[in-house]
Amino acid sequence: MFHGPPGTGKTLLAQALANECTRTSSGEGLASTIPGVSAANARPIAFFMRKGADVLSKWVGETERMLRDLFEEAHRLKPSIIFFDELDGLAPVRSSRQDQVHSSIVATLLSLMDGLDRRPGVVVISATNRPDAIDPALRRPGRFDREFHFKLPSMDTRRRILQINTAKWDPKPDDRLLDYLASETTGYCGADMKALTTEACLCCLRRQQSEVGYRSQISRC
Numbered sequence: 001m002f003h004g005p006p007g008t009g010k011t012l013l014a015q016a017l018a019n020e021c022t023r024t025s026s027g028e029g030l031a032s033t034i035p036g037v038s039a040a041n042a043r044p045i046a047f048f049m050r051k052g053a054d055v056l057s058k059w060v061g062e063t064e065r066m067l068r069d070l071f072e073e074a075h076r077l078k079p080s081i082i083f084f085d086e087l088d089g090l091a092p093v094r095s096s097r098q099d100q101v102h103s104s105i106v107a108t109l110l111s112l113m114d115g116l117d118r119r120p121g122v123v124v125i126s127a128t129n130r131p132d133a134i135d136p137a138l139r140r141p142g143r144f145d146r147e148f149h150f151k152l153p154s155m156d157t158r159r160r161i162l163q164i165n166t167a168k169w170d171p172k173p174d175d176r177l178l179d180y181l182a183s184e185t186t187g188y189c190g191a192d193m194k195a196l197t198t199e200a201c202l203c204c205l206r207r208q209q210s211e212v213g214y215r216s217q218i219s220r221c
């Protein structure tokens with residue numbers, strides 16, 4: 001389970017993982033690392049990505065059916081990875097005040113994940129901004145029992161993100177500009193840093209300027 005503040009790269013990591021899965025693997029890459037898949041039989045990994053809210057249906061029982069079909073398809077195409085983004089929207093904490101529909105969905109998901117022990121070759125990953133809002137039963141051993149916390153980026157990491165997002169600027173921003181922006185963006189997530197550089201370019205367009213300026217140092221946008 002990936003969890004942490006919004007914009008820290010949880011979904012981005014899943015997308016990078018999906019891209020890696022498209023590589024043909026013959027004893028190399030990710031396929032040979034999935035339980036139940038030998039290096040000799042390794043092949044490209046099937047990747048299924050679903051947002052929690054997108055799986056929900058207004059028809060009673062339809063969400064449970066889609067979940068069963070998803071796991072069945074993943075097993076048929078194993079090795080495979082199922083990624084649930086925003087899991088808290090699909091499997092919230094069950095309570096006496098919660099409607100029966102969500103309770104049934106959570107119960108179905110629990111049953112499907114328990115069945116993976118008998119059907120190796122499928123890995124399930126999830127991401128959420130609110131791990132406390134997910135039903136505790138899903139965080140028990142054998143389910144989402146490995147958790148990875150995504151923190152807000154440090155100053156050095158923010159500087160690196162700025163370098164990546166301004167890589168196509170010509171000329172590239174100098175070190176003083178990057179150091180200043182990295183020091184002034186405490187509390188920014190990766191998505192905020194990208195938005196900052198994008199907004200700088202948009203400001204240039206609105207002002208009909210061809211350069212992004214900072215005091216006496218300028219970089220062309």
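Position 178 (the sequence shown) corresponds to 178 in our numbering; numbering is contiguous.
Glycine included, every Cβ here is placed at the ideal spot set by N, Cα and C.
Beta-carbon separation (whole angstroms), glycine 121 vs lysine 78, contact threshold 8 Å: Glycine 121 to lysine 78, Cβ: 3 Å. Contact.
Cα separation between glycine 9 and glycine 61? Cα to Cα, glycine 9 sits roughly 33 Å from glycine 61.
Use the C-beta contact count for alanine 53: other C-beta atoms within 10 angstroms, 16 or more gives buried, fewer gives exposed. For alanine 53, the number of other beta carbons within 10 angstroms of its own is below 16, and it is reported as exposed.
Could I get the ranges of all uninterrupted alpha helix (DSSP H) runs contained in the stretch 93-119, with 4 residues as the minimum, in chain order? Fully enclosed alpha helix (DSSP H) runs of no fewer than 4 residues occupy 100-114 of the stretch 93-119, in order along the chain.
Give the DSSP bridge partners of lysine 51, in chain order. Within the DSSP bridge table, the entry for lysine 51 names Asp85 as partners.
Short of 6 Å in beta carbon distance, which residues of its chain neighbour leucine 116, apart from the five on each side in sequence? Order them along the chain. Setting aside the 5 residues that flank it on each side, leucine 116 is surrounded in the same chain by Val122, each with a C-beta closer than 6 Å to its C-beta; the list follows chain order.
Quick one: residues in its chain with C-beta nearer than 8 Å to the C-beta of aspartate 192, no 5 flanking neighbours on either side, listed in chain order? Counting only Cβ-Cβ distances below 8 Å, and skipping sequence neighbours, we find Gly7 and Thr185.
Given 8 Å, three or more beta-carbon pairs between the stretch 127-147 and the stretch 177-184: Taking a cut-off of 8 Å on C-beta distances, the stretch 127-147 does not touch the stretch 177-184, as fewer than three cross pairs fall below it.
Using C-beta distances below 7 Å, list every residue in its chain close to arginine 158, excluding the 5 sequence neighbours before and after it, in chain order. Within the same chain, Cβ atoms closer than 7 Å to the Cβ of arginine 158 are found at Ala182, Thr185, Tyr188 and Met193, the five residues on either side in sequence being excluded.
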